[in-house]
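First to last, the sequence lines map onto chains A and B. Just so you know, the first sequence maps onto residues 1 to 112 in our numbering. Just so you know, the second sequence maps onto residues 1001 to 1115 in our numbering. A virtual CB, placed ideally from N, CA and C, is assigned to each residue, including glycine. For clarity, every value in this text was computed on a predicted model and none was experimentally measured. A short write-up of the structure that comes next.
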Amino acid sequence: AQSVSQHNHHVILSEAASLELGCNYSYGGTVNLFWYVQYPGQHLQLLLKYFSGDPLVKGIKGFEAEFIKSKFSFNLRKPSVQWSDTAEYFCASRGGSYIPTFGRGTSLIVHP
Amino acid sequence: GAGVSQSPSNKVTEKGKDVELRCDPISGHTALYWYRQRLGQGLEFLIYFQGNSAPDKSGLPSDRFSAERTGESVSTLTIQRTQQEDSAVYLCASSPQGAGANVLTFGAGSRLTVL
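Shown next as structure tokens:
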């Protein structure tokens, strides 16, 4: 079975700090990768996705992620976080089936 | 509708009772997924529908769990003889065919509490 590991379960930052959330996936074939975000009181929504091509993908609100195939990683980054980035972040992979597999999630709290 | 609708948003029930959770996907979305999220855990896959057939039921945790879908529309997740470990947020998501098939649109979830 496929798995997705998110190593940081809780992250606390001050505004303007840089962010990197780790994500590793297990599927060894062609894979689609995603980051979803859930802001307080809101639905899970797509932040960014990687299907093919440029391994550095840009998402909404200044987020980006880099696909490194050799490391089975898809880490999420943002150079300068804002208080409004406080949310739960989920990494997901989809390969070989129709079923996206999600990680445990990372809770990010940004202090103003 | 404009988004994925789930009902009820909150359900408190006694152990041993049956519950039904409903999901109304985005119109035209052929694929529908149910996930479960227990407190402090990730999203646990339950079942996937393509149209009204369920090619993958591998995530249903026991025979107390069942789901059905009417055409490419509403889906119902039924939990019989609920147990305390069934307490979780049950999330429904849908996706279209074609290029958008990889991106899921989620509902707000149904929070189930079993006393």
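Backbone CA spacing between residue i and residue j [nearest angstrom]
i, j, result
"A:V57", "A:N32", "12 Å"
"A:F81", "A:A87", "Inspection of the sequence shows that residue 81 of chain A is occupied by Val rather than by Phe. Approximately 12 Å, taken between the alpha carbons."
"B:L1112", "B:A1088", "5 Å"
"B:G1040", "A:R104", "8 Å"
"A:L13", "B:A1093", "31 Å"
"A:G53", "B:P1008", "41 Å"
"B:A1108", "A:A17", "30 Å"
"B:P1025", "B:S1073", "6 Å"
"A:R94", "A:H111", "33 Å"
"A:N8", "B:S1066", "34 Å"
"B:G1059", "B:Y1048", "9 Å"
"A:L46", "A:S107", "16 Å"
"A:Q6", "A:C23", "5 Å"
Residue j beta carbon less than 7 Å from that of residue i
i, j, result
"B:G1071", "B:N1102", "no"
"B:S1095", "B:L1104", "yes"
"B:T1076", "B:E1085", "no"
"B:L1046", "A:F102", "no"
"A:K49", "A:F63", "no"
"B:R1081", "B:R1064", "yes"
"B:L1032", "B:Y1090", "no"
"A:V4", "A:Y25", "yes"
"B:V1012", "B:I1079", "no"
"A:K78", "A:L19", "yes"
"B:C1023", "B:Q1050", "no"
Unbroken beta strand (DSSP E) run spanning residue i, endpoints
i, result
"B:L1032", "1031-1037"
"A:A65", "64-68"
"B:R1111", "1110-1114"
"A:R94", "87-94"
"A:S14", "10-14"
"B:K1015", "It is not in any beta strand (DSSP E) - B:K1015 carries neither H nor E in the DSSP assignment."
Pick from the options that is closest to residue i, judged by C-alpha positions
i, options, result
"A:Y27", "A:F72, A:G53, A:E88, A:K61", "A:F72"
"A:L21", "A:F34, A:V37, A:L76", "A:L76"
"A:E15", "A:C23, A:S84, A:Y89, A:H9", "A:S84"
"B:K1057", "B:I1079, B:S1073, B:G1040, B:W1034", "B:W1034"
"A:V37", "A:I68, A:I60, A:K69", "A:I60"
"A:Q42", "B:G1059, B:V1004, B:Y1048, B:F1049", "B:V1004"
"B:L1115", "B:A1093, B:S1027, B:S1066, B:G1016", "B:G1016"
"A:G29", "A:H111, A:L13, A:G96, A:Q6", "A:G96"
"B:G1028", "B:G1059, B:S1066, B:Q1083, B:A1002", "B:A1002"
Residue i at chain A interface by Cβ criterion, 7 Å
i, result
"B:A1054", "no"
"B:F1049", "no"
"B:G1042", "yes"
"B:A1002", "no"
"B:F1065", "no"
"B:N1010", "no"
"B:V1103", "yes"
"B:A1088", "no"
7 Å Cβ cutoff, residue i in contact with chain B
i, result
"A:Y98", "yes"
"A:N32", "yes"
"A:H7", "no"
"A:G105", "yes"
"A:H43", "yes"
"A:L46", "yes"
"A:F102", "yes"
Residue i beta carbon near the ligand ZN (any heavy atom closer than 6 Å)
i, result
"B:L1112", "Of ligands this structure carries none, so the ligand ZN is not represented either."
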